[in-house]
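Note sheet for the following structure.
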Amino acid sequence: MHSLLLLFKAPLQAWGADSRFKTRSTNKEPTKSGVIGLVAAALGRSREESVADLAELEFAVRVDHPGSLMRDYHTARNWFGNKKNSQLSTRYYLSDAVFVVALSSPDRAQLETLEAALRRPVYPLYLGRRSCPANPNLVLGIKDGDGETVLRAQPWFAPTRVREQAYNPVSLQILRDARQGEPADTLRDTPVSFNPEYRQYTLRAVYRAEPVEVENPNGVEPQDDFMKEVTEA
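Okay, so the sequence shown: first residue is 511 according to our numbering, each after it adds one.
Pasting the structure below:
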């Protein structure tokens, strides 16, 4: 098994799996449908083209920094139509979040094709929505191993200010496609079609793996409440 690693580290991200109508929410982590859409854009595929080969990739994500939830009151207007009414919506974003994503396959050549496309994409790349352009250092490369194993071996990509406020060591959450018999959450975020006239997604089982501990030399040593009181007395 081989894994293509991507770093999502931009000012804004939005990963909605069930957003409808005037309220556009975001999940706390990148969705498989959102990442597959990004890869399809890099390859130059139209919304009507099949993404079945991409949906078969194993998906895993590590949360290096959850960021903060931002709410935006959004106004849009179609200046070219007959009606000039404004369309109002409330949209949520993740601000300053950092994630490492792994797309895994036994076919290394397939991942090399995706890597090349992501480095020189046909269409602009966004982290969930068009108002969230992807960071330039998006591609980390291809590593040998399944997604979870490879994610456990990666350095921590949080910014310096986050490192200085975090404990040493720091615990990072990992989520991946669930295997048979594992306890799992369910998300409808495996894409079948991105056709705007007939968007279709299927369910995906998500397993929350044991968090990985990463050394943080710039961090602070954790103290329980009792020791804190003793130290400050």
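A virtual CB, placed ideally from N, CA and C, is assigned to each residue, including glycine. All figures in this text were calculated on a predicted structure; none of them were measured in a lab.
For the options TYR603, ARG673, ARG686, the alpha carbon positioned closest to that of THR659 is the one of ARG686. Short of 7 Å from the beta carbon of MET511, and not among the five residues preceding or following it, lie these beta carbons of its own chain, in chain order: SER614, PRO616, GLY655, ASP656.
Here ASN705 has ARG557, GLU558 as same chain residues with Cβ atoms under 7 Å from its own Cβ, once five neighbours each way along the sequence are excluded.
As the crow flies, the alpha-carbon of LEU553 is around 7 Å from that of LEU624.
For GLN675, the enclosing alpha helix (DSSP H) has its first and last residue at 670-675. When DSSP assignments are scanned along the segment 539-595, the uninterrupted stretches of alpha helix (DSSP H) that are 4 or more residues long and fall wholly within it turn out to be 542-553, 562-565. Relative to LEU517, the option among GLY526, GLN620, GLU622, VAL571 whose CA is nearest is VAL571.
With respect to the C-alpha of ARG601, the residue from ARG639, VAL608, LEU567, HIS575 having the closest C-alpha is ARG639. Per DSSP, reduced to three states, the secondary structure at GLU720 is strand. Here the C-alpha atom of PRO669 lies approximately 24 Å from the C-alpha atom of PHE569. THR700 carries a strand assignment under DSSP once its states are collapsed to helix, strand and coil. Separation of the CB atoms of HIS575 and VAL608 is rounded to 4 Å, and the pair is thereby assigned contact status at 8 Å. When only Cα atoms are considered, PHE667 and PRO521 end up about 14 Å apart. With distances taken between CA atoms, ARG673 lies nearest to ASN726 out of GLN523, PRO701, ASN726.
Contact between the segment 692-700 and the segment 713-721 is present, with at least three C-beta pairs closer than 8 Å. Distance from the Cα of VAL702 is smallest, within the candidate group TRP525, LEU515, ARG581, ASP563, for ASP563. Taking SER535 as reference, the option from TYR633, SER599, GLN620, GLN690 with the minimal CA-CA separation is SER599.
Bounds of the alpha helix (DSSP H) holding GLY657 are 657-662.
Around the beta carbon of LYS653, a 10 Å sphere encloses 16 or more other beta carbons of the protein chains shown; the residue is thus reported as buried. Here GLU723 is near SER681, since their CB atoms are less than 7 Å apart.
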